[in-house]
Amino acid sequence: MLSSVFFYLFATICCLSGLMVVSSRNPVHSVLFLILAFFNAAGLFILLNAEFLAMLLVVVYVGAVAVLFLFVVMMLDINYSELREGFQKYLPLGLFIGAVLLVELFATFFEYSGNIKSLPSPGDVHNTKALGQIIYTDYVYLFQLAGLILLVAMIGAIALTLRKRVGVRKQVIADQNARTRAETVKLAKVETGAGVKEISR
Amino acid sequence: MIIEQWLIDLAWIVVKILAVVGPLLIAVAYLTLAERRVIGFMQLRKGPNVVGPFGMFQPFADALKLMAKETILPAGADKVVFILAPMLTFILALVAWAVIPFDAGLVLADINVGILYLFAISSLGVYGVIMAGWASNSKYAFLGALRSAAQMVSYEVSMGLVIINVLICVGSLNLSDIIEAQRGMWFALPLFPMFVVFFISTLAETNRAPFDLPEGESELVAGYFVEYSSMSFALFFLGEYANMILMSAMTTVLFLGGWLPPFDFAPFTWIPGPIWFILKIMLCLFVFLWVRATTPRYRYDQLMRLGWKIFLPFSLIYVVLTAGFLMAFDKLPGIGG
């Protein structure tokens, strides 16, 4: 009974905050509602006994991805009224995609309703271990392949954004450490009124 | 009847939560005092010693003073987010204690993914900071928040890798299992470099000196909480100190053997587990304060360099080394089990 109470709680907040993501006026609020939606999705995962996935959702999406999202949205100088203008134009496309997803959801629901089996629970092995077994033992090559794709994407992103700027002062620690006393410090006896012009290297 | 039973269970849970949170809040209050006293003594001053015996009532005097102040909402601030941010910081610093084990079986929720839960909660701390910085509608606050966000995200990565190091030695994500695995030898010895990396990362994660750039007074006035006053400021303050205690507890669980005594024989085993646990947390906290009293603040590019170019590769290499060592000597835990 308690779990169904929590299910409806999480599901309701999740749906409502999803709605607020698209309808709130301020993009920063949108991202904050998105985070709330992630959170409740994590709660739903816990109700399915998939606690590892729930924690991963929080660590990866809420703890890292959404932070960068929020970062970008806050830095942008957004004209809120301009943002609204595209609404009419994109509405049909949005509705179409929404309809496709809804149909898929219903198809899945009717396909599996009756014999819904949330997670295979193999005996006393808890799902973190089961997941590890599948990812790192059974499908290790595919997993490595996915990692390689991510690596390529990462290198691509770095190559696109990295630029060498000239005229920027930068600390080169090796150079600093390589300096000796002889070439940096000079003891000079300065005559009063004469200044230090003559002894500069 | 069922409802009645349910209510009794609920009340029992609330009592247990209060039994953790109450002492924690008192600990936070006295940590602020300890910080001022310890740093005072290190700098050959006395620190606050007037209010009560040895200045023992100083935290309460401070709290009363803060409560009596006016709460200011800056013009142009996003009011909801502005008020939500300190609450979030404080709540996150408290909820993480749900999984911290004080002794064998003495834990609120002994969940299977305890360490991941801790990691997740500590990675959420950044939201309080960003939300506060953005909602304040102030340049100083915003700059502080941006610095802090970048800093916390960077150091989380190396913290995650250090945790992986511990996990491959244990073979479980459960905090009680992690502590039990340290019977005989604490992980601080075989994984000593990782222990150091983890501790420095926790300094950065809690925005403490020498990584307290988000609140660098000389450039940013006070960073992300410049605009906060009264209780909303107090919540940030308490949250920061509660986070320090939490991070010390995490260090203790991962590297210093939690509730286990340092040596498994007579005079040490007489002292009960929770006392050991608290002593170890206090040791970590002392180092926190010690570092603050003795090190100058890092420059921002140095901070990023340390996080991404030194700690991250180093902890990654150490993961490979640890895994290779365990594999070579056939010591990998939990195979088949």
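Chains as they are written, first to last, in the numbering used here: chain R, 1 to 201; chain U, 1001 to 1337.
For each residue, glycine too, the CB sits at the ideal point set by N, CA and C.
None of these values were measured; they are calculated from a predicted model.
Three or more beta-carbon pairs separated by less than 8 Å link the stretch 1251-1261 of chain U to the stretch 1179-1197 of chain U, which places the two stretches in contact. Sequence-ordered contacts of the stretch 1122-1148 of chain U with chain R read Ser1123, Leu1124, Val1126, Tyr1127, Ile1130, Met1131, Trp1134, Phe1142 and Leu1146 [C-beta pairs closer than 8 Å].
Distance from Leu1213 (chain U) to Tyr1127 (chain U) at the Cβ level is roughly 18 Å; contact not present, criterion being Cβ atoms closer than 8 Å. Tyr1155 (chain U) sits away from Met55 (chain R), with the two beta carbons spaced by 8 Å or more.
DSSP lists U:Leu1106 as the bridge partner or partners of Asp1103 (chain U).
The beta-carbon of Gln133 (chain R) is placed no less than 8 Å from the nearest beta-carbon of chain U.
For Thr128 (chain R), the nearest CB of chain U lies under 8 Å from its own CB, placing it at the interface with that chain. DSSP places Met1056 (chain U) in the coil class of the three-state scheme, outside both helix and strand. Residue contact with chain R for Ile1111 (chain U): present (Cβ-Cβ distance below 8 Å to some residue of chain R). In summary, no residue of the stretch 154-170 of chain R has a CB separated from any CB of chain U by less than 7 Å. In the DSSP assignment, Glu1205 (chain U) falls within the unbroken alpha helix (DSSP H) covering Phe1192 to Glu1205. Not flagged as an interface residue toward chain U: Ala37 (chain R), since no C-beta distance is shorter than 8 Å. Lys1069 (chain U) is positioned such that its CB atom lies no closer than 8 Å to that of Ser1232 (chain U). Phe106 (chain R) sits in a helix when the DSSP states are folded into three classes.
Met1244 (chain U) sits close to Phe1288 (chain U), with the two beta carbons spaced by under 8 Å. If you draw a 10 Å sphere on the C-beta of Trp1270 (chain U), you find fewer than 16 other C-beta atoms in it, and that means exposed. The three-state secondary structure of Gly94 (chain R), taken from DSSP, is helix. Under the three-state reduction of DSSP, Met1087 (chain U) is assigned to helix. By the 16-neighbour rule on beta-carbons within 10 angstroms, Gly1125 (chain U) is buried.
In this structure, DSSP gives Phe1263 (chain U) a state outside helix and strand, which the three-state scheme calls coil. Met1159 (chain U) is positioned such that its CB atom lies closer than 8 Å to that of Glu1205 (chain U). DSSP places Ser1138 (chain U) outside both helix and strand once states are collapsed to three, so it counts as coil. Annotated three-state conformation of Trp1186 (chain U) is coil, per DSSP.
Under the 8 Å criterion on CB atoms, Leu142 (chain R) is classed as non-interfacial with respect to chain U. Taking the Cα positions, Ala153 (chain R) is about 21 Å away from Ile135 (chain R). When C-beta distances to chain U are compared with 7 Å, the residues of the stretch 43-66 of chain R below that value are Glu51, Phe52, Met55, Val58, Val59, Val62, Gly63 and Ala64, in chain order.
Here Phe1236 (chain U) is near Pro1086 (chain U), since their CB atoms are less than 8 Å apart. For Val28 (chain R), the chain U residues whose C-beta falls within less than 9 Å of its own C-beta are Asp1078, Val1081, Met1131, Trp1134 and Ala1135, listed in chain order. Burial check for Ala1209 (chain U): the Cβ neighbour count within 10 Å reaches 16 or more, so the residue is buried. Within 10 angstroms of the beta-carbon of Trp1012 (chain U) lie fewer than 16 other beta-carbons, which makes it exposed. The three-state reading of DSSP puts Val21 (chain R) in helix, counting H, G and I together. For Val1253 (chain U), not one C-beta of chain R is nearer than 8 Å to its own C-beta.
About 12 Å separates the CB atoms of Ala1063 (chain U) and Val1051 (chain U); that is not less than 8 Å, and the two are not in contact. Leu1238 (chain U) sits buried, since 16 or more C-beta atoms from the chains shown fall within 10 Å of its C-beta. One alpha carbon belongs to Ala1141 (chain U), the other to Ala1077 (chain U), and they sit about 12 Å apart.
In the DSSP assignment, Phe39 (chain R) falls within the alpha helix (DSSP H) that extends over Pro27 to Leu47.
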